[in-house]
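*Asks:* Residue 609, in the UniProt record's numbering, is where the sequence shown stops; the numbers in between run on with no holes. Glycine is no exception: its CB is placed at the ideal position from the N, C-alpha and C atoms. This is the structure I have questions about; it appears just below.
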Amino acid sequence: MCGITGWVAFDEGKRPKRRDVLAMTETLQHRGPDAAEIWASPEAVFGHTRLIVIDADGGRQPMTRSWREKTYTLVYNGELYNTDELRERLKELGWVFQSYSDTEVVLAAAAVWQEEAPAYMNGIFAFALWTHETKQLLLGRDRFGVKPLFYQEVDNGLIFASEIKALLAHQDAKAVLDETGVHELMALSPMRTPGSGVFKNVKEVLPAHTLNVAKEGMKSRRYWQFSSQEHLKSREETIENVRAHLFRIVNQQLVSDEPIGTFLSGGVDSSALTAIAATKLDQLPTFSVDYEANDKHFTSSKFQPASDQDFIPLVSNQYKTVHQTFTMPIQALSSHLKEAMIARDLPGMADIDGSLLWMAGEVKPHVTAALSGECADEIFGGYPWFYKPELMERENFPWMSSHTLRQQLLHPSYEKHADLAQFAKERFEKTKAETPLVSGESEAASRRRQLFYVNAHWFMATLLERKDRMTMKRSLEVRVPFADHELAEYVWNIPWSLKFEGNVEKAVLRHALKGVLPEQVLWRKKSPYPKTHHPDYTKAVQALVTNILHDKDAPIHELIHRNTLQTIVSKAAANTTEPFFGQLMAGPQLLAYMYQLNEWMKAYDVKLA
């Protein structure tokens, strides 16, 4: 994986400056610690930092090639999983390859097929292609937005980058939060409206979209969408097809010239990837995270009925993986909150982010790349809002029940004219309305299809952002096989009766893994990413926020209602608040988020507009 940056300008009086793009690129060294290069022309300057995983010599960027009397320069971040297939197709069209890297395949595809190119790609990617003769920029992003790509219009031009921090390193970019940004931060966070960068004027190339940029203007184009149709395969065929997809995907995504392993939590999703990968690689490295004294303080709940540590050995022993569990000290959990925020460039999922950041740092010395089980719950329907009527029928994001608390947290100057619940609802309804439905489908089936669609574009996007930022902050490439678009397209149309057969979430996935996973793991009830229950962590974040309350100059006081925050501090130990987001962010996690919010406003010198 890599970091990409660039600046294009279309006015001879306002040329892009190499030093600005160099400053932008230097902020992304964590995304590419192995190499960094700048390419410059009068109208465009590109920067690139590289984490070498495949073809150390042939994959250098920025990369320039010529095709049919035109010259193209590319910067690209990601992994292409159908490289060989595309290379052969492009050879047939006359492209003469000079390397074996997937970078040149992406460049060739974009040069030959232009905005249609991403539709040919199977992978996770964000790229920028400059056409020298026509002075046009093409930006493209993978179907689910696994790889990030932000941009901002500047004086007669545009800057782009893998992360917001790189944009803010540009001379024309400012860290400003306007009224819409306040709504994004308080009504939706850690989610963001697709395409929004929260900061004023910062935008994001939408997943499954390209963006054409020229002197005449910009044009966004969607190249992929779910296709809804009746599922005609039998139960047995469906299960076998899901199984075949899983084996295909893992086989594709194990390609690496550097050591590769898997994250193994003992849940169905990560265990499936581990089991399949272990049939291809002997002594597969596997990794998990736990917390100091978790065996003493773990508390079973409806969200986390059992500890992961009871299930991990069942998979590791069966497949003879080389497993390591990293136990995170409680002090490290609170001390990683600020760095996790900086990794995101925004307050995020608090210690849920911080623990992944810490884990990635522990994993990095052992492997350069890893597979992880994100997106299975979103694709197969593993969350309670897919089957609990009271959640399904909500007219807002079903994983957010904190609208009243969010409103109460607003500073009075904002609270009196802001309707956070309505802001969220409008975005929920807009996304829901985009869902491709099947004519004649039952009302319940259509409703559930809409929930799958909203979930993929919001909840899943948030988890993918977390995975990318936390792991790339430690220069660790993490791949997400369940985000394979061919699998997602197939599962999209599988009826709920198979996905929830026997009232078991992700039933069709579990049946596809019969004979692959130990029975105790195969039928284990879903449990989310682990969090600590240690009282010392609660005390630590209470102290952090208490210090903020005592600091009259803390920037958060411009945005947050002091009395509400004081009440949350006093009640954090009881953990009685509704989760701020999802199933995990309650009590101490909410305080940790408030701490991140304050540190974000300080570190980025955020100005409220």
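Tell me whether the beta-carbon of L597 lies closer than 8 Å to the beta-carbon of V569.
*Replies:* Not closer than 8 Å, so no.
*Asks:* Cα separation between E558 and D11?
*Replies:* Distance between the alpha carbons of E558 and D11: 39 Å.
*Asks:* Looking at L80 and V106, is the spacing between their C-beta atoms short of 8 Å?
*Replies:* In this structure, L80 lies closer than 8 Å to V106 by Cβ.
*Asks:* Within its chain, find whatever has a CB closer than 6 Å to the CB of T83; leave out the 5 residues flanking it on each side and keep chain order.
*Replies:* Cβ neighbours of T83 beyond the five flanking positions: D102 and V105.
*Asks:* My output table needs one value for N455: the three-state DSSP class, helix, strand or coil.
*Replies:* Three-state DSSP puts N455 in a helix.
*Asks:* Which residue from P148, I239, V250 and T180 puts its Cα closest to that of A208?
*Replies:* Nearest C-alpha to A208: P148.
*Asks:* Tell me M594's beta-bridge partners as DSSP assigns them.
*Replies:* Note: M594 sits in no beta bridge, so no partner.
*Asks:* What would DSSP say about P313, mapped onto helix, strand or coil?
*Replies:* It is helical.
*Asks:* Quick one: what's got a C-beta closer than 7 Å to A277's C-beta in the same chain, skipping five residues either side?
*Replies:* The residues are V250, L254, T262, L284 and L371.
*Asks:* So H411 and H561 are in contact, right, with Cβ under 8 Å, and what is the actual spacing, rounded?
*Replies:* Right, their Cβ atoms sit about 6 Å apart.
*Asks:* Can you tell me where the beta strand (DSSP E) holding Y76 begins and where it ends?
*Replies:* Residues K70 to L80.
*Asks:* Does the Cβ of L188 have 16 or more other Cβ atoms within 10 Å, making it buried, or fewer, making it exposed?
*Replies:* Label assigned to L188: buried.
*Asks:* For V45, count neighbouring C-beta atoms within 10 Å of its own C-beta (all shown protein chains included) and say buried if the count is 16 or more, exposed if not.
*Replies:* The residue in question, V45, is buried, as its Cβ has 16 or more Cβ neighbours within 10 Å.
*Asks:* Give the C-beta separation of F311 and V521 to the nearest angstrom, bearing in mind that I take them to be a contact with Cβ-Cβ under 8 Å.
*Replies:* Going by Cβ atoms, the distance from F311 to V521 rounds to 5 Å, so yes, they are a contact pair.
*Asks:* Give me the DSSP bridge partner(s) of N212.
*Replies:* The partner list for N212 (beta bridge, DSSP) reads L138 and K219.
*Asks:* Could you give the distance in angstroms between the alpha-carbon of V478 and the alpha-carbon of P190?
*Replies:* Cα to Cα, the separation comes out at about 21 Å.
*Asks:* Under a three-way DSSP split, which group does residue 613 fall into?
*Replies:* One cannot answer for residue 613 here, as it falls past the ends of the chain, which runs 1 to 609.
*Asks:* Would E374 pass as a contact of L464 if the rule is Cβ separation under 8 Å?
*Replies:* Result yes, Cβ atoms of E374 and L464 sit closer than 8 Å.
*Asks:* Run the CB neighbour count on N122, radius 10 Å, all protein chains shown included, and call it buried at 16 or more, exposed below.
*Replies:* N122 is buried by the Cβ-count criterion.
*Asks:* So the alpha helix (DSSP H) I494 belongs to, where does it begin and stop?
*Replies:* Neither: I494 is in no alpha helix (DSSP H) and is coded neither H nor E.
*Asks:* Is the Cβ-Cβ distance between residue 637 and N212 less than 8 Å?
*Replies:* Missing from the structure shown is residue 637; the chain here goes from 1 to 609 and no further.
*Asks:* With a threshold of 16 other CB atoms inside 10 Å of the CB of P436, please say whether the residue is buried or exposed.
*Replies:* P436 should be labelled exposed.
*Asks:* Kindly indicate which three-state DSSP category W95 falls into: helix, strand or coil?
*Replies:* Here W95 sits in coil by DSSP.
*Asks:* Inspect the beta-carbon positions of G32 and C2 and report whether they are closer than 8 Å.
*Replies:* Contact flag set, yes.
*Asks:* In chain order, what residues of the same chain lie with their CB nearer than 6 Å to the CB of H511, ignoring the 5 residues before and after it?
*Replies:* Counting only Cβ-Cβ distances below 6 Å, and skipping sequence neighbours, we find I239.
*Asks:* For L517, name the three-state secondary structure that DSSP assigns.
*Replies:* The answer is coil: DSSP assigns L517 none of H, G, I, E or B.
*Asks:* Considering only the alpha carbon of each residue, which of P313, A35, A332 and H485 lies closest to E378?
*Replies:* Out of P313, A35, A332 and H485, H485 has the C-alpha closest to the C-alpha of E378.
*Asks:* V53 and T274: beta carbons closer than 8 Å?
*Replies:* Contact: no.
*Asks:* Tell me the DSSP bridge mates of Q152?
*Replies:* Bridge partners of Q152: I159.
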